[in-house]
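Each remark here refers to the structure printed beneath this line.
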C-alpha cells in the first residue's frame, strides 16, 4: 500500500490528532524475514553472550571484542548500512529489531554494539562524502574495523558544543592538527576509527573529523586506562588524548562548523535505538524473576503465588510490553517517512534517513526516557523478587541492575531529553508543523463552557480509555498552553515546569501506543484471546493518569493563582476522570496468571 504524506502523522502530531489502531505497527506485525532475523540474533546472544555472562562481569574486554567480530561475520553490524557499502540495507524497523534482541544479555556488549553501529558508523553513512563512505563504511559494516565517537570532554558533557579540542589548519592547507582531551569514549580500547569533534579557530560550532587509529603508529593519540565503572564492565571506556594528531583535510566530516548538527542528529537515532536496547534486558530479567519465583518455596508455597510478588511481576511485564508498543510504533513511523521522502525523489538515501529521524526527534526523546526508566525499575524489582540471592553475583540480576543505570545518562541524560521533547514541540508549534495553538484555544473555551452531564455509552472495548486519552491531551494543552502564555520564550528557563510537561507528554504517548496495540490485537484475534494484553493496556493507563495528575497539579499551583488556578484545577479533575474505574488488582492478577503459568515473559 502506498503511504502518502497525509497518512503519516508528523512528529509530535500524536498530541493533536487521533490515531487508528490499524495505522500503527506493532511487534505482532513482524514479517517472516523479521522473525527469522529475531531468531538468528537470539540464538547468537544465547550462545556467545548469555552463556559467558560471568566473563563480561570480570571485565573480559577481549571477549567483548571477539563477540563483536562474530556479530560482524554474521552481518549484524551491517543491518542499516546501504548495500553499496557492504551492508544489508534493511529498513529502520529491522535496525530496531536487531538492536533490541542483541542487547538483552549484558550492557557491556550492548554498549559496544550501539556505539559501533550507531554513533561510530552512522555519521559517515549519513554525512560522509562518497570517497569517505567507500573507504571506511565496508570495513565498519563487516567488523574488520570498529568505530568510536569522541564528543564528550571534561568540561563539555550535556553542553556538547562547548568542547575545547582544537583543529589547526597546516600552512600548506592539506592537513589539520587536532589537540585536546576526550572522555568516556566507548570502544576506545579496540577501535580503528574515531569520529572526533573539534573547533577550528573561534568557530561558533564544532566540526567533525574522521581519524584512523593504529596503536603501532599512534599519530599523537594516547589512551587513558580503562575506567572502573558501576556497570557495563566489559565495555571498553577510556579517555583519549590528541597531541597534534594529523588529519588530512579530506577527512573532515560534512562541512566546517556542522559538527554540532551531526552530533545532535546522531543522538536522535541513538535515543530510539537505546530504547530498543533496553527491551530485551527487561524480557530476560522478567523471565529469570518468574522462573525463580516459581521455584522458590516459602511457607510451603511458591512465592509466585503471593500477591506481593504477583504485583511486581504484573507491573514489570506491563512496562516492558508498553515500551515495545511505543518503540515499534515510532520506528515504523520513521521508516515510512524515510521511504516517502525517497519515493518522492527529492532526497538521497542519506538525506531521507536524516530527515526521517529528525522528524520524530520528540518521540525519540520520549522513548529514551521512558524505556530506560522502565528497565531500571524492572531490574530493581528483579533483585527484590530474588531477595538475598538477587544481591549476590551468583545470579544474573545484580549485573542487570548495574548495567541498567547508565541508560538514564548516555545519549543525553533523561533530564535533558525531557526538556528537549517539550522544547522541540514548542519549536514545531512555532513553525506550524504541529498546530498546538488552535486545540489549546478550544480547550480554554471548553473549560469556561458548561460540561456535558450525559453518561456516554462505553460498551465497546477501549471506548472509555480512548476518550480519557483524548482528555489527557486536552489536559496537556491546557497546562502547557497557560504556561507558554505566561512565560513566552522564557519558558525554557522554567526547567521544573518543562520536566512536568514532559512527564505528561511521555505518559500520553505510551498509554496511547499500548491501547492501540491491544485494540489492534483484539480486532484481529478476538478479545478472549488477548485478555492479558487488554489488562496491560488498562493497567498502564491507570498509572499514567496518576503521573499526569501529579505533574499537572504541581505545575498549575506553581505558575497560576486565583480564578485561573481554580479553573485549571477543575479542568484537571474533569480530564482525568473515569466513569468506570478499573479493578487494578484484578488486572494485575490476569497478567501475573499468564506469565507465571508460561514461566517466562511470553508476549
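Numbering (the UniProt record's numbering), first residue to last: 1 to 603. Beta carbons: idealized from backbone N, C-alpha and C, even for Gly.
When DSSP states are grouped into helix, strand and coil, residue 244 belongs to the strand group. For residue 167, the enclosing beta strand (DSSP E) starts and ends at 166-169. Excluding five sequence positions before and after residue 280, the CB atoms of its chain that fall closer than 7 Å to its own CB belong to 100, 101, 103, 104, given in chain order.
Rounded to whole angstroms, the gap between the alpha carbons of residue 81 and residue 388 is 45 Å. For residue 150, the enclosing beta strand (DSSP E) covers residues 147-150. Segment contact: the region 349-365 against the region 10-22, three or more CB-CB distances shorter than 8 Å; contact assigned. Relative to residue 272, the option among 126, 152, 95 whose CA is nearest is 95. Here residue 197 carries a strand assignment [DSSP, helix/strand/coil]. Membership of residue 356 in the alpha helix (DSSP H) is indicated by the continuous run 349-359.
By the Cβ neighbour-count rule, residue 403 is buried, with 16 or more other Cβ atoms within 10 Å of its own. Annotated three-state conformation of residue 37 is helix, per DSSP. Counting along the chain, no beta strand (DSSP E) covers residue 85, and no H or E run does either. Residue 508 and residue 15 do touch by the CB rule: their CB atoms are close to 7 Å apart, below 8 Å.
Looking at 586, 247, 345, 550, the one whose alpha-carbon comes closest to that of residue 193 is 247. Counting the other Cβ atoms within 10 Å of the Cβ of residue 455 gives fewer than 16, which makes it exposed. Spatial neighbours of residue 584 in its own chain (CB-CB distance under 8 Å, excluding positions within 5 residues in sequence) are listed in chain order as 539, 542. DSSP, read as helix, strand or coil, puts residue 239 in strand. Bounds of the beta strand (DSSP E) holding residue 178 are 175-186.
Secondary structure of residue 211 (DSSP, three-state): strand.
Here residue 235 is buried, its C-beta having at least 16 other C-beta atoms within 10 Å. The three-state reading of DSSP puts residue 287 in helix, counting H, G and I together. A distance below 6 Å between beta-carbons, with the five flanking residues on each side excluded, links residue 419 to the following residues of its chain, in chain order: 498. Spanning the alpha carbons of residue 270 and residue 312 requires a straight line of approximately 30 Å. Looking at the backbone, the Cα of residue 259 and that of residue 127 are separated by about 10 Å.
For the set 59, 93, 318, the Cα lying nearest the Cα of residue 228 is the one of 59. Out of 480, 533, 163, 74, the CA that lies nearest to the CA of residue 572 is found in 480.
Annotation for residue 223: the continuous beta strand (DSSP E) segment containing it runs 221-223.
Of the candidates 223, 43, 328, 245, the residue whose Cα lies closest to the Cα of residue 274 is 328. When only Cα atoms are considered, residue 151 and residue 187 end up about 13 Å apart. DSSP, reduced to helix, strand and coil, places residue 393 outside both helices and strands of the structure shown, so it counts as coil. A check of alpha carbon separations from residue 336 across 320, 46, 356, 345 identifies 356 as the nearest. Annotation for residue 50: no alpha helix (DSSP H) segment contains it, and DSSP assigns it neither H nor E.
Taking the Cα of residue 75 as reference, the smallest distance to any Cα among 62, 37, 523 is reached at 37. Under the DSSP assignment, residue 312 falls in the alpha helix (DSSP H) whose first and last residues are 307-343. In this structure residue 252 is buried. Its beta-carbon is surrounded by 16 or more other beta-carbon atoms within 10 angstroms. Beta-bridge analysis with DSSP links residue 297 to 302.
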